[in-house]
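Residue numbers (this note's numbering), protein chains in the order written: chain A, 15 to 310; chain B, 15 to 310; chain C, 15 to 310; chain D, 15 to 310; chain E, 15 to 310; chain F, 15 to 310. We put the CB at the ideal spot given by N, CA and C, even for glycine.
There are 6 protein chains.
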Amino acid sequence: MDESALLYVNEGSRLFAGSRRHTSKFAVMGIPMDITSSYRPGSRFAPGAIREAAQFIEFYSIRTGVDVSEFGFDDVGDVILHPSDVELNLRRIRDAATYVLNKGKFLISIGGEHTITTGIVSAMSPEETCVLSFDAHLDLRDEYMGYRYDHACVMRRISELGFKIMEVGNRAVGKDEIEYANTAGIPFITSHQVKLLGPREVSRKVLTHFNGCRNVYVSLDMDAIDPAYAPGVATPEPEGLDPSTILDIMNLIVDQRTVGFDVVEVSPPFDHSGITAILGAKMIFEVAAAVKSKLP
Amino acid sequence: MDESALLYVNEGSRLFAGSRRHTSKFAVMGIPMDITSSYRPGSRFAPGAIREAAQFIEFYSIRTGVDVSEFGFDDVGDVILHPSDVELNLRRIRDAATYVLNKGKFLISIGGEHTITTGIVSAMSPEETCVLSFDAHLDLRDEYMGYRYDHACVMRRISELGFKIMEVGNRAVGKDEIEYANTAGIPFITSHQVKLLGPREVSRKVLTHFNGCRNVYVSLDMDAIDPAYAPGVATPEPEGLDPSTILDIMNLIVDQRTVGFDVVEVSPPFDHSGITAILGAKMIFEVAAAVKSKLP
Amino acid sequence: MDESALLYVNEGSRLFAGSRRHTSKFAVMGIPMDITSSYRPGSRFAPGAIREAAQFIEFYSIRTGVDVSEFGFDDVGDVILHPSDVELNLRRIRDAATYVLNKGKFLISIGGEHTITTGIVSAMSPEETCVLSFDAHLDLRDEYMGYRYDHACVMRRISELGFKIMEVGNRAVGKDEIEYANTAGIPFITSHQVKLLGPREVSRKVLTHFNGCRNVYVSLDMDAIDPAYAPGVATPEPEGLDPSTILDIMNLIVDQRTVGFDVVEVSPPFDHSGITAILGAKMIFEVAAAVKSKLP
Amino acid sequence: MDESALLYVNEGSRLFAGSRRHTSKFAVMGIPMDITSSYRPGSRFAPGAIREAAQFIEFYSIRTGVDVSEFGFDDVGDVILHPSDVELNLRRIRDAATYVLNKGKFLISIGGEHTITTGIVSAMSPEETCVLSFDAHLDLRDEYMGYRYDHACVMRRISELGFKIMEVGNRAVGKDEIEYANTAGIPFITSHQVKLLGPREVSRKVLTHFNGCRNVYVSLDMDAIDPAYAPGVATPEPEGLDPSTILDIMNLIVDQRTVGFDVVEVSPPFDHSGITAILGAKMIFEVAAAVKSKLP
Amino acid sequence: MDESALLYVNEGSRLFAGSRRHTSKFAVMGIPMDITSSYRPGSRFAPGAIREAAQFIEFYSIRTGVDVSEFGFDDVGDVILHPSDVELNLRRIRDAATYVLNKGKFLISIGGEHTITTGIVSAMSPEETCVLSFDAHLDLRDEYMGYRYDHACVMRRISELGFKIMEVGNRAVGKDEIEYANTAGIPFITSHQVKLLGPREVSRKVLTHFNGCRNVYVSLDMDAIDPAYAPGVATPEPEGLDPSTILDIMNLIVDQRTVGFDVVEVSPPFDHSGITAILGAKMIFEVAAAVKSKLP
Amino acid sequence: MDESALLYVNEGSRLFAGSRRHTSKFAVMGIPMDITSSYRPGSRFAPGAIREAAQFIEFYSIRTGVDVSEFGFDDVGDVILHPSDVELNLRRIRDAATYVLNKGKFLISIGGEHTITTGIVSAMSPEETCVLSFDAHLDLRDEYMGYRYDHACVMRRISELGFKIMEVGNRAVGKDEIEYANTAGIPFITSHQVKLLGPREVSRKVLTHFNGCRNVYVSLDMDAIDPAYAPGVATPEPEGLDPSTILDIMNLIVDQRTVGFDVVEVSPPFDHSGITAILGAKMIFEVAAAVKSKLP
Ligand SMILES: [Mn+2]
Ligand SMILES: [Mn+2]
Ligand SMILES: [Mn+2]
Ligand SMILES: [Mn+2]
Ligand SMILES: [Mn+2]
Ligand SMILES: [Mn+2]
Ligand SMILES: [Mn+2]
Ligand SMILES: [Mn+2]
Ligand SMILES: [Mn+2]
Ligand SMILES: [Mn+2]
Ligand SMILES: [Mn+2]
Ligand SMILES: [Mn+2]
């Protein structure tokens with residue numbers, strides 16, 4: 015992969031699901047950026063841990079009836095990152111994402127901190143793309159500790175870029191974030207509301223809000239999930255969603271419009287039993303299967 | 015804080031939620047007693063771990079609409095304890111609790127083993143105060159291994175002091191404990207019953223039983239919660255409650271009568287991912303927010 | 015226990031629930047075979063860890079009203095195993111199981127990997143015995159990596175021995191396994207279906223399928239349970255069952271026909287908080303209580 | 015073992031080195047007392063962990079040329095303990111030790127906290143027995159946090175009982191402890207001095223001081239060893255001894271006069287890699303081999 | 015502490031050694047900067063972990079005969095840091111260090127990554143101050159991954175500021191670093207050389223090189239120590255020094271000229287047994303004792 | 015690498031030291047066989063963990079003055095293994111080793127259990143090749159638990175194949191192993207003797223014994239190293255060697271005759287701090303540097 019080497023992609027890493035399928039529609043890219051995590055760092059190790067876990071995932075998706083082994087994944091490696099310059103890294107991520115998307119691939123990114131999503135969606139058109147975020151947090155702060163590209167600000171930045179946004183599973187939010195959401199027209203469905211509404215109704219609300227969107231991008235901050243299921247995240251927050259609820263919602267939402275997906279904020283040094291990395295890998299398999307099942 | 019030093023309170027510990035707000039109604043006190051734990055010791059480290067986790071909790075409570083940052087907590091430090099004399103320690107805890115309560119504070123205690131609750135409620139009037147305990151166990155044994163102040167006996171001792179009691183979430187109980195509960199008029203709602211009844215009906219039963227109570231004290235043995243959510247406790251017991259159910263019940267129960275709350279039995283050496291300490295801190299934030307929301 | 019020594023049983027291990035009750039109907043036998051685990055080895059340490067956890071379990075079963083301390087367990091020790099010869103080990107396990115069953119005991123086995131169940135049921139009559147398996151996987155592969163006695167093939171081998179089979183809680187399956195199940199008449203209820211149907215309906219389906227069975231054997235691959243509750247297993251698989259659902263089903267199914275039960279695939283090196291071993295011990299207590307409650 | 019049951023000995027624990035050899039001169043007894051540990055509790059789990067580790071120790075001692083498998087160990091089980099009454103426990107330990115010593119056995123005790131040594135030597139005659147303690151600490155405090163039977167006071171209590179004492183490997187000491195040692199005639203060789211003097215000279219000093227002793231008892235607080243080799247102890251203290259130095263000294267000191275040995279203060283919850291428990295088991299094997307090599 | 019609050023110092027953290035002694039010459043300041051760590055992040059948790067460990071350290075230094083409890087420490091809290099702007103943080107650190115040094119205190123800093131040392135020495139005069147660094151690495155790179163304020167460049171930046179430098183314990187170095195050291199006149203003594211030379215000769219070399227220095231600052235990157243003794247560091251490197259060797263050297267070097275000391279690069283998430291934090295705390299106690307013993 | 019795929023080599027794994035240098039003389043091959051481990055399994059994860067650790071190793075070897083980045087490593091991937099058939103696997107390993115050796119490469123293998131060494135040396139000529147083994151154990155048993163290809167028998171099997179052998183660092187040995195060694199003319203130098211003799215004298219003895227050998231193969235069972243430095247091994251054994259001693263010996267021994275090297279028995283699930291994997295990676299770098307420094 016000579017070209018991508020110029021695009022800061024390092025081939026020297028374990029391949030997701032055990033082999034590189036150049037023909038697969040589903041590209042996998044690691045983005046081990048781990049700079050602004052305020053609580054528990056370590057998401058830099060997540061691409062490695064999730065790739066390792068993916069070696070042991072069953073390829074057949076019982077939920078969708080899709081056999082993932084029939085198409086597999088095209089793991090392009092990790093984006094090479096600067097140790098502290100977040101904004102430079104966002105440009106590198108944008109370039110790498112552009113490269114993959116231009117090949118017509120569905121881009122699956124493995125973070126790294128949530129901030130990377132700003133870089134990824136920068137490769138897309140704000141006019142055409144809507145962004146759905148599963149997250150315990152709204153990430154709508156204007157700045158955090160004086161910094162505007164903190165992981166707590168990622169959806170704010172994406173909103174400012176002009177993307178239409180919706181958020182699901184939130185429960186640890188600031189008052190000013192709620193105000194911004196209301197002002198900026200960003201609907202969010204808290205984890206408590208998700209439990210009351212159920213996956214079908216949540217999906218209906220998302221699809222309604224994303225009605226006119228040409229493309230949809232989905233970001234999964236793993237702290238959207240309850241710490242019981244995902245203890246190894248940077249900022250665990252009680253009262254979260256269970257994984258099946260998220261997969262049920264995704265399965266109802268993804269379709270031909272969906273152009274990319276990311277799994278972020280997994281922190282392997284705090285994932286002693288490894289179940290968070292396994293769950294992250296599973297999420298990728300199931301989303302790929304769901305997308306595949308909707309293709310013509 | 016010269017006075018409290020005389021009351022065995024050590025100032026040298028991390029402050030809950032990051033700063034000491036002397037004017038706050040909500041006092042926080044660490045009680046790292048860890049002597050009679052029969053299974054997994056380590057609750058002595060819980061005040062430190064829960065204070066550390068509280069540094070990263072969001073201040074706004076979405077459940078109640080209360081912004082905890084508006085009032086914060088008054089962390090008075092840890093009670094200084096004897097290494098093995100439980101009964102001496104209970105007197106020290108009683109004195110420290112009296113000191114805080116006399117200032118008109120709402121007392122939030124962080125254990126330590128469950129035995130500390132005996133010391134805390136000793137600072138209250140049995141005639142006026144009712145005690146609600148969330149626990150996997152009934153803690154109604156007359157003695158355990160020949161000892162009457164074991165953590166397995168705490169509600170028995172409190173019952174004998176004359177307090178009206180109710181228990182919720184129990185599932186690991188002895189036959190003789192059930193008999194004592196029936197004889198002494200202590201209703202309990204097992205975790206299985208809580209799941210069937212739901213938070214509203216459970217709360218109704220508690221409020222009915224506590225109808226004539228002037229004051230209510232709430233004790234949360236973290237093993238009431240399922241080990242999936244709270245793995246780092248002294249005595250994990252399967253088939254427990256989920257945190258949202260407990261918070262829903264608390265939110266319906268606490269009101270102006272509520273005078274104190276404790277979180278006990280967290281054991282950090284067995285809490286490798288830290289999610290039990292984080293959950294303990296969250297419980298304190300949410301209970302404070304709920305109490306605040308009921309004040310006139 | 016001179017005789018059993020000849021049967022490869024090692025007395026040198028911690029006794030389940032703290033003492034050996036020779037008169038108890040419930041024999042406990044450790045089978046620390048841990049050879050074919052493809053992902054996370056360590057089930058060899060499970061008999062020790064589950065015995066240790068059982069020291070701290072409450073003896074009274076609130077679900078059944080049975081006081082297990084009235085009869086206790088007859089812990090016969092561990093089967094002595096060859097380090098790599100699976101088929102030789104299966105013969106040893108068969109012989110040890112025969113010895114215990116011939117004494118009229120209810121045989122509770124603690125694995126080790128799931129493969130051991132083939133050895134255990136070999137001590138029973140395929141014509142008379144039906145086998146119920148709780149598992150995330152179907153374990154119906156003909157071979158895995160070229161080997162027919164892999165843990166991923168255990169139910170296939172048992173099926174080939176002529177036993178009637180049913181499976182519950184499955185979600186990580188291969189397409190060919192589904193085909194084999196359909197061909198061989200092995201009904202399975204996925205974890206998603208279990209959640210929709212509920213314990214009562216699942217039990218009804220099992221009882222209908224096992225209608226003519228004289229004996230019933232139950233195998234519990236702990237990965238049937240969601241990783242949140244059972245993180246320390248060889249192959250964690252998201253979207254699993256919760257422990258109460260499994261116990262509710264078991265409680266409705268076990269009766270006088272039930273002749274044995276096993277708990278397999280717990281891997282203590284990955285069970286840092288110990289909650290998987292505790293849950294395994296609890297499962298044994300509750301199954302013994304349920305069986306006892308159905309005896310005349 | 016009906017008699018010892020009356021002596022608070024519980025048979026229900028894993029046997030040291032895999033089988034019980036009733037004829038062996040070397041009795042092993044677990045004493046899981048874990049009450050006064052001021053820092054990291056958990057020594058209650060050490061008898062279990064050290065027995066487990068001993069299953070995998072090679073029986074031949076290359077240092078002494080003794081084949082331990084020729085005689086093995088007589089594991090009598092664990093002393094049953096009160097949850098918080100240290101002084102009652104010391105009497106139980108004394109009685110259990112007396113029972114074993116009266117059978118003419120060499121008594122090897124596995125703690126538990128260091129306090130247990132007071133109970134053990136209480137079964138011996140102060141006039142006839144000298145006590146050698148390897149420890150990072152002098153344990154010569156008169157009281158700790160107001161308590162006289164704390165683990166920090168164990169050698170003070172033993173000194174007051176009239177035993178002749180010597181200490182080796184100390185480095186974390188109080189000024190008043192040094193004064194007491196000087197006043198009471200208790201020589202100690204710090205870890206720094208041990209490194210300068212070497213095993214031979216240290217042994218010579220010990221043998222000179224113990225010249226007139228009829229019996230010698232050796233206590234090994236595992237924190238005497240450097241935390242690199244023994245991380246899983248209650249109170250790790252840098253600049254400790256390495257295990258070979260201690261074994262070299264012991265090998266030169268033990269002889270027919272030696273009547274007992276203990277390994278204390280191992281804390282398995284902090285021994286993640288298990289190397290402290292393995293080292294504790296090794297120490298027991300080597301001391302038994304050394305004693306055996308000196309017998310006529 | 016109103017003033018220091020303006021200096022980005024947060025009072026809300028556990029006090030080193032249990033209480034704040036305003037009159038002590040020895041100020042302790044936490045600097046939890048953890049941004050550029052290339053391998054294992056987590057040094058942000060080191061000030062908390064080392065303060066916690068310091069609660070349990072014996073106050074008497076046997077090496078120097080100094081009783082640290084006679085003067086104690088003045089813990090000023092943690093410097094408040096920007097999440098990703100290293101250079102801004104270095105200015106904050108410089109200002110906080112200036113504030114403390116201006117009070118005439120001996121400044122003991124707890125990192126955080128090694129980069130913080132640049133900030134600290136910026137508060138000192140390059141003409142008057144010499145810097146001694148214990149480190150597995152030379153940290154003399156011009157830039158790392160394109161960044162000049164990476165932790166791998168710290169001594170290069172300090173050298174460029176004009177400070178006279180010497181390094182000890184190095185073993186993982188780049189060829190260009192050696193060339194720079196030679197060109198810039200920075201002598202270094204590798205860990206292999208330290209073992210051959212011994213503490214006395216190493217100290218003599220340092221004292222000779224620092225002959226004309228008016229002030230001496232000492233930085234201890236904990237990875238200078240072998241991973242056996244200090245496993246919980248950001249970049250463990252085999253073949254390191256043992257702690258006693260470093261303390262022996264320090265004890266011979268520190269004197270009235272010594273103005274400050276730091277302990278950096280401890281990473282608590284990788285320090286499962288806690289022995290690295292304990293060792294870090296011990297280093298601080300011993301250096302304070304050594305300095306005190308040299309004061310008139 | 016189409017050919018090697020036929021040789022059971024899986025390309026889907028992280029590359030050692032970050033990139034594949036096809037021209038390098040030093041081939042790296044993972045052999046994750048983990049079947050016969052009697053104590054702590056998990057060596058199957060060692061190739062992944064050691065490759066991960068190697069990403070962060072400094073390329074310049076200060077011991078030899080060799081810059082490893084000038085030539086790097088040719089990582090050929092992992093041998094694909096049968097789950098339980100050891101003898102089949104040994105043939106696969108032999109074939110893969112033959113393939114690599116035939117290319118004129120120096121073969122560096124990463125285990126996996128020690129048994130793999132039998133497979134590797136089977137690709138070499140017994141008449142021409144001498145085998146040096148660093149190990150806590152002699153591995154000279156005829157069989158273990160009835161099995162002849164257990165990891166405890168590896169040097170016995172290699173001896174029987176006709177290879178000249180020498181062993182270093184042994185300390186946990188059986189009496190019959192010593193007898194076999196004496197009979198078969200296999201000299202061994204225990205860890206105690208190594209400490210007395212020093213690296214130079216040990217090397218001299220090895221070189222004398224291997225005087226007429228045309229080729230030399232070196233096997234490093236990581237348990238040769240003391241558990242303080244290498245806690246994460248399958249069978250930790252106290253009183254081991256320190257890493258520098260082993261590297262000093264290797265540096266004196268390796269030369270143009272040396273044809274291969276392996277690092278075996280690392281068990282990542284027990285290597286919580288990761289220092290054993292880091293040390294394993296370091297050993298490979300230093301051996302490659304030493305070999306390179308001896309080439310003409
Ligand atoms: Mn986020
Ligand atoms: Mn989030
Ligand atoms: Mn309780
Ligand atoms: Mn409880
Ligand atoms: Mn299975
Ligand atoms: Mn399974
Ligand atoms: Mn002691
Ligand atoms: Mn000690
Ligand atoms: Mn450094
Ligand atoms: Mn360094
Ligand atoms: Mn070996
Ligand atoms: Mn070995």
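Note on geometry: alpha-carbon atoms of Ser51 of chain F and Tyr163 of chain F lie some 11 Å from one another.
Between Arg58 of chain D and chain C, the shortest Cβ-Cβ separation is not below 8 Å. Relative to Gly62 of chain A, the option among F:Ile192, F:Leu29 and F:Thr272 whose CA is nearest is F:Leu29. Contiguous beta strand (DSSP E) elements confined to the segment 190 to 266 of chain B occur at 202 to 204 and 229 to 235, taking only those with 3 or more residues.
Contact between Ala60 of chain E and Ile124 of chain E holds: CB atoms are separated by about 6 Å, below the 8 Å threshold. Interface criterion met: the Cβ of Ile76 of chain B is under 8 Å from a Cβ in chain A.
Contact check for Gly246 of chain A and Val280 of chain A: beta-carbon distance about 6 Å, within the 8 Å limit, so the pair qualifies. The segment 109 to 129 of chain F makes no contact with the segment 167 to 178 of chain C, as fewer than three CB pairs between them are under 8 Å. If you compare the alpha carbons of D:Ile239, D:Phe148 and D:Lys189 with that of Asp156 of chain D, the shortest gap goes to D:Lys189.
Rounded to the nearest whole angstrom, the CA to CA distance from Glu215 of chain B to Pro140 of chain B is 26 Å. Among the CB atoms of chain A, one or more fall inside 8 Å of the CB of Ser258 of chain B. Shown here, Leu146 of chain C sits in a strand according to DSSP, grouped into three states. Remark: the C-beta of Glu253 of chain B is outside contact range of ligand 3, defined as less than 7 Å to any heavy atom. For Glu181 of chain D, the enclosing beta strand (DSSP E) has its first and last residue at Lys178 to Asn184.
The three-state reading of DSSP puts Val93 of chain C in strand, counting E and B together.
No Cβ-Cβ contact shorter than 8 Å links Met159 of chain C with Val273 of chain C.
Buried is the label assigned to Asn229 of chain C, since at least 16 other Cβ atoms lie within 10 Å of its Cβ.
Flagged as an interface residue toward chain C: Tyr158 of chain F, by a C-beta distance shorter than 8 Å. One alpha carbon belongs to Ser258 of chain C, the other to Glu253 of chain B, and they sit about 6 Å apart.
One Cα belongs to Asp237 of chain A, the other to Lys306 of chain B, and the distance between them is close to 28 Å.
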